[in-house]
Amino acid sequence: MSGPRDRARRHTRYFLNWARAAAPVHLGADIDMTRVEDHRAAERAAGRRYSVVSYLLFAAGRIVARHPEARATARGVLWPRTAPLPDVAAKLALDRTTASGERVVLTAVLPRMDVASLSEIQDVVDLCRESDPHDLPGAAAVRLLNQLPPPVGQLAFRLGVRTPGARGRRLGTFAVSSLGHRAVDVFHSYGGTAVTFCAGRVTDRAVVRDGRITAAPVMRLGLTFDHRVLDGAAAADVLDGVVKRLEGWHGDLSGTRGEPRDGAGVRPARAGDRPGRTLG
Numbered sequence: 000m001s002g003p004r005d006r007a008r009r010h011t012r013y014f015l016n017w018a019r020a021a022a023p024v025h026l027g028a029d030i031d032m033t034r035v036e037d038h039r040a041a042e043r044a045a046g047r048r049y050s051v052v053s054y055l056l057f058a059a060g061r062i063v064a065r066h067p068e069a070r071a072t073a074r075g076v077l078w079p080r081t082a083p084l085p086d087v088a089a090k091l092a093l094d095r096t097t098a099s100g101e102r103v104v105l106t107a108v109l110p111r112m113d114v115a116s117l118s119e120i121q122d123v124v125d126l127c128r129e130s131d132p133h134d135l136p137g138a139a140a141v142r143l144l145n146q147l148p149p150p151v152g153q154l155a156f157r158l159g160v161r162t163p164g165a166r167g168r169r170l171g172t173f174a175v176s177s178l179g180h181r182a183v184d185v186f187h188s189y190g191g192t193a194v195t196f197c198a199g200r201v202t203d204r205a206v207v208r209d210g211r212i213t214a215a216p217v218m219r220l221g222l223t224f225d226h227r228v229l230d231g232a233a234a235a236d237v238l239d240g241v242v243k244r245l246e247g248w249h250g251d252l253s254g255t256r257g258e259p260r261d262g263a264g265v266r267p268a269r270a271g272d273r274p275g276r277t278l279g
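Residue 0 is where the sequence shown starts when you use numbering that gives the first Met the number 0, and the numbers rise one by one after that.
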C-alpha cells in the first residue's frame, strides 16, 4: 500500500526508469561571477531582483541555440540515430511542497530561451517558484500520472515522450537544476535532454588576476551530456560558451537588456584562462 509521499513521487520514478537508457557523462567548470554579481547588485538597487538561475537560463539558451547537437535527442535501438529539436526550451527543476505537505521535484518547460530577455526569464522563473504547484505548466499531466496504477503510469510516461516533438514539449531542449541555495558546491544530474546544467552555490574563492591572488564570487557549474547524442568535445564547447557568457556579462551595454556584448561565448576559451581573468 503506497502512502501519499510515494504517490506524489511516482512521476519521478517513471522518469528515472525511462532515463536509464541514457549514457550520461559529466563535465564541470568554475565560473567567475563578478560581473553577474555586480549586475545583480545594480539591479537590486534599482528595485529589480534577478536570480542566478535566470542568468544561467539566459546564457545557456543562447549557447544551445548555436549548437544543434546540444538540442537533439536519441532515437531507436536497432537503428540508433539522433533527431533534432527545432525549439530552444529549458526544463527547470523546482523544489516544491504539495498542498498535502509532500516535498517533491516538479518541472516546468520555459520556451524561447534563445530570444527571451533576462527580465522575461525572471518573470517566468518567479511565476514558477511562487505559483501553486497545481498551476505549473504540465501539472495536470503529472497529477494524472501519479493517480494511475504504476504499470499504467509508466507506460503513459513513455508514450508521452516517444516522439521528438512530444519530448521537446515535456522535457525541453536542455535542462537546468540548481542547489545554490544550499551549501552545495557541485553536483550532476540528468534531465532527460542532450545537456543538463547543474548550478551550485556562488561563494568567494581564491582566483588569480594579473599574477595576484584575490577573492572573487565563483560558481561551480556541472554539465551532464548524453553521450548517445553528442561527444565530449562538443559538450565541452557548450560548457565553455556558457562560462564565457557569464564571465563576460556586461548588463545592458549592447542595447538589449541583459545581453552580453562582444560575442561572449561564441569563441572557445583561450588556453590558460582562469576564473577571475578579465575578458576582452
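The beta-carbon is built from N, C-alpha and C at its ideal position, and this holds for glycine as well.
- Close CB contacts of residue 185 within its chain, under the 7 Å cut and outside five residues either way in sequence, are with 27, 199, 219 and 221 (chain order).
- Proximity to residue 56 across 194, 203, 151 and 20 peaks at 194, based on C-alpha coordinates.
- Here DSSP, grouped into helix, strand and coil, assigns residue 50 to coil.
- By alpha-carbon distance to residue 13, the top candidate from 104, 132 and 81 is 104.
- Between residue 18 and residue 137, the CB-CB gap reaches or exceeds 8 Å.
- For residue 83, the enclosing beta strand (DSSP E) starts and ends at 80-83.
- Of the residues 234, 77, 110 and 144, the one whose Cα lies closest to the Cα of residue 85 is 110.
- When only Cα atoms are considered, residue 239 and residue 147 end up about 42 Å apart.
- In terms of Cβ geometry, residue 91 and residue 183 do not form a close pair [threshold 8 Å].
- Residue 140 and residue 130 have their C-alpha atoms roughly 17 Å apart.
- Nearest to residue 20 by C-alpha distance, out of 76, 153 and 212, is 76.
- In the three-state DSSP reduction, residue 183 falls in the coil class, being neither helix nor strand.
- Counting along the chain, no beta strand (DSSP E) covers residue 172, and no H or E run does either.
- A residue is called buried when at least 16 other Cβ atoms come within 10 angstroms of its Cβ; residue 10 meets this threshold and is buried.
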